[in-house]
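Just below is one structure, and these are the notes that go with it.
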Amino acid sequence: MSPVNEFAQRTQPDTIVLFDVDGTLTPARLSVSQEMLDTLKELRKKVVIGFVGGSDLSKQVEQLGPDVLKNFDYCFAENGLTAYKNGEAMATQSFINWIGDEEYNKLVNFILRYIADMDIPKKRGTFIEFRNGMINVSPIGRNCSHAERNEFEKYDLERGLRKKFVADLKAAFPHLALTFSIGGQISFDVFPTGWDKTYCLRHVQKEGFKTIHFFGDKTFEGGNDYEIYTHPDVTGHSVKSPEDTMRILAELFP
Ligand code: M1P
26 MSPVNEFAQR TQPDTIVLFD VDGTLTPARL SVSQEMLDTL KELRKKVVIG
76 FVGGSDLSKQ VEQLGPDVLK NFDYCFAENG LTAYKNGEAM ATQSFINWIG
126 DEEYNKLVNF ILRYIADMDI PKKRGTFIEF RNGMINVSPI GRNCSHAERN
176 EFEKYDLERG LRKKFVADLK AAFPHLALTF SIGGQISFDV FPTGWDKTYC
226 LRHVQKEGFK TIHFFGDKTF EGGNDYEIYT HPDVTGHSVK SPEDTMRILA
276 ELFP
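Number 157 in the working numbering belongs to position 132 of the sequence shown; there are no gaps in the numbering.
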C-alpha cells in the first residue's frame, strides 16, 4: 500500500521525517520534553514520523516515554535492526546469526580481556551489552551512574581510550566486516558494515515515500548519523540540540 493511501489523513502523506534520539529529540540519555512531544504531535498531522536510534528499544522507551510505539509511525531501535511500524514489529535480522557463535566468542573474549587490562579509575558492570543488531561495548560498564558517565566521557576525550580500543579491535579482526561506531558518551557499538542508520532506509524505501528527511546531531564523518545524513535519498538536517530540531521543523513545516 502506498503511504498516500495508508497515511491519507496527513497533509503530506508521502513525506517521512526521521529523527535521531540523543541530542536531537532529547538531551543525551535524558527524557524528552513536553514541548518536543507537542511539536511531534502537530508534525504528525502533516507528515509521517519515525525515530532511528543506536540504542535498544528499552532505552528509547525510557527517554521518549511508554507510549513511544503509539506516538511514532515508525520506531527504529538499534539503527533499524529492531523495527516497528504502527506499533507492530517488522521482519529483521540479528547480529548473532550474521556472525555465528564461533567468531562471536573470539570477539567477546578479546574485548573482555582488553577491558580487564585497561587501567581506568572506575569500572562498574555490563561491559558488553548483547543486542539484536549489534553489541555495545563500554570500558566503564553500562551500570555506571550519570555522574560517572560524564566523568568517563571527559577522561576518554582527554586520552582517546575508545579510539585506541577500536583501532586495536580492527587490527585483531581484519577478516570480519565490522563497523565500530562511537555514538555516545561511554561506549561504542559494533555491527556488520552497512548496518548503520541507513539500515532503517530499507524498511521505508520499499514503502514508496517520495521525500525522506533526517535530523541528527552526530552528522560529521565518523559520527553515527553521518551515513544516513549524507545518503543520496535523504534530505539531511544537522542539529545542535532538541531546541534546534524544533526551530528547523517550524521553518520546514509551518
Ligand atoms: O544513541 C547513541 C548511543 O547511545 C548510547 O551510548 P552511551 O551509553 O555510550 O552514551 C548507547 O545506547 C549506544 O548504543 C548508542 O549508539
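No residue lacks a Cβ here, since even glycine has one placed at the ideal position from N, Cα and C.
Small disclaimer: the values here were computed from a predicted structure and weren't measured.
| field | Alpha-carbon to alpha-carbon, Asp-144 and Val-133 | value | Each residue's alpha carbon lies about 19 Å from the other.
| message | Going residue by residue through the region 70–157, where are the continuous beta strand (DSSP E) segments of at least 3 residues, counting only ones entirely within it? | response | Listed in chain order, they are 73–77, 99–102, 107–110 and 153–155.
| How would you call Pro-164, buried or exposed, if buried means at least 16 neighbouring beta carbons within 10 angstroms? | By the neighbour-count rule (16 or more Cβ atoms within 10 Å), Pro-164 is buried.
| Got a sec: does the ligand M1P put a non-hydrogen atom nearer than 7 Å to the Cβ of Gln-210? | Yes, since a heavy atom of the ligand M1P falls inside the 7 Å radius drawn around the Cβ of Gln-210.
| Any non-hydrogen atom of the ligand M1P closer than 7 Å to Asn-249 Cβ | Taking the Cβ of Asn-249 as the reference point, at least one heavy atom of the ligand M1P falls within a distance shorter than 7 Å.
| query | Could you give the residue range of the beta strand (DSSP E) that holds Leu-50? | reply | Where Leu-50 is concerned, there is no enclosing beta strand (DSSP E), because DSSP gives it neither an H nor an E.
| field | 8 Å contact criterion, which Met-61 and Leu-68 should meet: CB distance rounded | value | Actually they do not touch by this definition, with Cβ atoms about 10 Å apart.
| query | If we call anything under 8 Å between Cβ atoms a contact, is Cys-169 one with Ile-136? | reply | For the 8 Å CB-CB criterion, Cys-169 and Ile-136 do not form a contact.
| message | I need the boundaries of the beta strand (DSSP E) containing Asp-42, first residue and last residue. | response | A small fix is needed here, since residue 42 is Val in this sequence, not Asp. 40–44 is the span of the beta strand (DSSP E), which, as asked, contains Val-42.
| Beta carbon of Gly-79, beta carbon of Asp-214: below 8 Å? | Yes; because the gap between Cβ atoms is below 8 Å, this pair is in contact.
| Rounded to a whole number of angstroms, what is the C-alpha to C-alpha distance between Gly-261 and Ser-119? | If you take the alpha carbons of Gly-261 and Ser-119, they lie about 27 Å apart.
| Which one of Asn-96, Cys-100 and Phe-190 has the shortest CA to CA distance from Arg-138? | Taking only the C-alpha atoms, the option nearest Arg-138 is Phe-190.
| query | Looking only at its own chain, which residues have a Cβ that is under 6 Å from the Cβ of Lys-188, when we skip the five neighbours before and after it? | reply | The same chain holds no residue with a CB closer than 6 Å to that of Lys-188 once the five nearest residues on each side in sequence are set aside.
| request: Return the CA-CA distance between Thr-162 and Ile-140, expressed in angstroms with no decimal places. | output: In the sequence as displayed, the identity of residue 162 is Val instead of Thr. In this structure, the alpha-carbon of Val-162 lies about 9 Å from that of Ile-140.
| query | Between Ala-53 and the ligand M1P, is the CB less than 7 Å from at least one heavy atom? | reply | Look at Ala-53: its beta carbon is less than 7 Å from one of the heavy atoms in the ligand M1P.
| task | With a cut-off of 8 Å on the beta carbons, I'd call Phe-239 and Tyr-254 a contact; round off their distance for me. | result | Confirmed, Cβ separation roughly 6 Å.
| query | Using a threshold of 7 Å, is the CB atom of Val-285 nearer than that to any non-hydrogen atom of the ligand M1P? | reply | Nothing can be reported for residue 285, as the shown portion of the chain is limited to 26 through 279.
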